[in-house]
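Protein chains in written order, with the working numbering: chain A, 52 to 164; chain B, 35 to 336. Okay, structure first, notes after.
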C-alpha cells in the first residue's frame with residue numbers, strides 16, 4: 052500500500068522546533084522519547100508505529116532517540132522513558148510515562164486527539 | 035478454537051528458555067507477555083551468566099529472543115488477566131482475547147514493590163523511578179537516592195554513580211546480606227555513594243517533580259530522583275481462579291516444576307525456588323518444558 056501521508060518521522064534537538072512545535076499547528080504530533088537500552092521503550096515503539104499507520108495521518112509520530120534530543124528532554128524535564136507527549140499548537144496537551152498495552156494507547160489517543 | 039500444546043505466560047529467562055525447549059520438542063507453543071525479558075533487561079550488567087564475563091541484561095534478552103524467533107515461536111504482547119481450568123484444557127484470558135492450551139507454564143516473575151507512599155504515582159517518571167537502567171542517564175550531575183539493600187539496589191547505585199554527582203543508598207537494615215558480596219564491595223568503593231542505614235522513606239515531597247524526601251529518622255533529604263528497589267513479589271491476581279499452592283507468596287513446585295494442579299507448571303522467580311537468578315530461571319524453564327513434553331507424549335501413547 053502506498054503511503055499518501057508521512058505518519059512517522061525522526062526528530063532531534065535541531066529540528067524539534069520545526070518538526071514538532073511548528074508542525075503541531077497543523078496536525079497533532081506525538082513525540083516518543085526512547086532509548087536503545089530501555090526495554091519498555093522497545094515494547095512501546097512498535098505499538099505506536101502501527102497505530103500511527105492505522106490512524107493514517109490523524110497524528111504524526113515523532114521518534115526522539117534520547118541521545119539526539121538531550122536539550123529537548125532537558126527542556127521538557129523528561130526524566131523517565133518511554134515518555135510520550137502529544138503536541139497541539141506547539142503545546143503539550145497529553146502525556147504518559149512507561150509502556151502501555153495497545154488497547155490503552157488506543158484509548159489515550161482517542162481521548163486526546 | 036485452536037488448542038495449543040503449551041501456553042507460556044511470561045517472556046523472561048524462564049519463559050524464553052521454556053519456549054526454546056518446547057519449540058525444539060516440536061510442541062505447538064504460544065508465549066504471552068507484555069515485556070520481553072521480564073526483569074532481565076533491567077539488569078545493567080550481568081556478571082554471573084556462564085559464557086559471558088559481562089553482558090547487559092538487554093543484550094542477553096535480545097540474544098535469547100533471537101534464538102526463539104529463529105524457531106518461529108509465536109509471542110503475543112497482551113496482559114493475561116486469568117487462567118482457568120476447563121474440562122480438558124486451560125483457558126487463558128487476556129484483556130482482549132482468550133486462548134486454550136493443553137498445558138501451561140507460568141513464568142510471570144515478580145512485580146516490583148512500591149513504597150506505597152502518597153505522591154508516588156504522581157511523581158512517576160518525575161523523580162520516582164523503578165528502572166535505573168532506563169532512566170539513569172537523565173541524572174547527570176544530579177543528586178539521587180536508591181531505596182533498598184539487595185542486588186538490584188546495589189546495581190542501581192553503581193549505575194547511577196556513573197552519572198549522578200551523589201548517590202545515597204537508603205536501607206532499612208544495616209547488613210546487606212541479600213546482596214552479592216562482590217557487588218557490595220564495588221558499591222562501598224565508589225566515593226560518590228553514601229549509605230544511610232536503619233531508615234525508611236516516609237514522605238515524598240515536591241510540587242510537579244520530586245524535590246525532597248523525608249526519612250523515618252525525621253531527616254529531610256533534597257533529591258532530584260529516587261530509585262525504588264525494595265524487592266518484588268509475584269502478581270497472584272491472574273492465578274486467582276486456580277487455587278494454586280503457595281509457599282509464602284511464591285508458587286510451590288516440585289523438581290519437575292509441577293504445581294499442585296496437573297498440567298500447570300511454573301518456573302523462574304514466580305516459584306518457591308531458593309535462588310532467583312537468570313541462570314536458575316533458565317534451568318527451571320528447560321525442566322518445565324521437558325515435563326510438559328513428557329506428559330504430552332504419554333497422552334499420545336495412551
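Glycine is no exception: its CB is placed at the ideal position from the N, C-alpha and C atoms.
>> Considering only DSSP beta bridges, list what residue 163 of chain B is partnered with.
In response: B:261
> In the region 98-159 of chain B, which residue ranges form an unbroken alpha helix (DSSP H) of at least 4 residues, counting only runs that do not cross its ends?
Replying inline: none
>> Is residue 69 of chain B close to chain A? Criterion is C-beta to C-beta, closer than 8 Å.
In response: yes
> In chain order, what residues of the same chain lie with their CB nearer than 7 Å to the CB of residue 125 of chain B, ignoring the 5 residues before and after it?
Replying inline: 118, 132 and 134
> Are the beta-carbon atoms belonging to residue 168 of chain B and residue 98 of chain A less than 8 Å from one another?
Replying inline: For residue 168 of chain B and residue 98 of chain A, no; Cβs fall outside 8 Å.
> To the nearest whole angstrom, what separates the beta carbons of residue 319 of chain B and residue 302 of chain B, a pair I think is in contact under 8 Å?
Replying inline: 6 Å
> From which residue to which residue does the beta strand (DSSP E) around residue 137 of chain A run?
Replying inline: For residue 137 of chain A, the enclosing beta strand (DSSP E) covers residues 134-139.
> Is the region 257-276 of chain B touching the region 163-179 of chain B, taking contact as three or more C-beta pairs under 8 Å?
Replying inline: yes
>> For residue 123 of chain B and residue 114 of chain B, I'd like the C-alpha separation in whole angstroms.
In response: 17 Å
>> Just to confirm, is the Cβ distance from residue 152 of chain A to residue 112 of chain B under 8 Å?
In response: yes
> Going by the CB atoms, is the gap between residue 234 of chain B and residue 161 of chain B shorter than 8 Å?
Replying inline: Contact flag unset, no.
>> Out of B:102, B:86, B:67 and B:103, which one is the CA nearest neighbour of residue 127 of chain B?
In response: B:67
>> My assumption, with CB atoms under 8 Å, is that residue 91 of chain B sits in contact with residue 71 of chain B. Please give the rounded CB distance.
In response: 7 Å
>> Distance check for residue 94 of chain A and residue 219 of chain B, CA to CA, integer angstroms please.
In response: 34 Å
>> For a contact defined as C-beta to C-beta under 9 Å, what are the partners of residue 169 of chain B on chain A?
In response: 89, 130, 131 and 132
> Going by DSSP, which residues form a beta bridge with residue 203 of chain B?
Replying inline: B:180 and B:229
> Would you say residue 38 of chain B and residue 63 of chain B are within 8 Å of each other, going by their C-beta atoms?
Replying inline: yes
>> When you compare the CB positions of residue 80 of chain B and residue 94 of chain B, do they come within less than 8 Å of one another, or not?
In response: yes
> What span of residues does the beta strand (DSSP E) with residue 115 of chain A cover, start to end?
Replying inline: 111-116
> Of all the CB atoms in chain A, is at least one closer than 8 Å to the CB of residue 47 of chain B?
Replying inline: no
> If we cut at 8 Å on Cβ distances, does residue 54 of chain A have a partner in chain B?
Replying inline: Bear in mind that the predicted position of residue 54 of chain A carries a pLDDT of just 49, short of 50, making it too unreliable to give a figure here.
> With a CB to CB cut of under 7 Å and the five nearest residues on each side skipped, what residues in its chain are close to residue 310 of chain B?
Replying inline: Taken in chain order, the residues that qualify are 303.
>> Using the Cβ count rule (16 or more neighbours within 10 Å means buried), how would you classify residue 62 of chain A?
In response: buried
>> Please list, in chain order, the residues of the region 112-140 of chain B that have any C-beta partner in chain A closer than 8 Å.
In response: Closer than 8 Å at the C-beta level to chain A, one finds these residues of the region 112-140 of chain B: 112, 113, 129 and 130.
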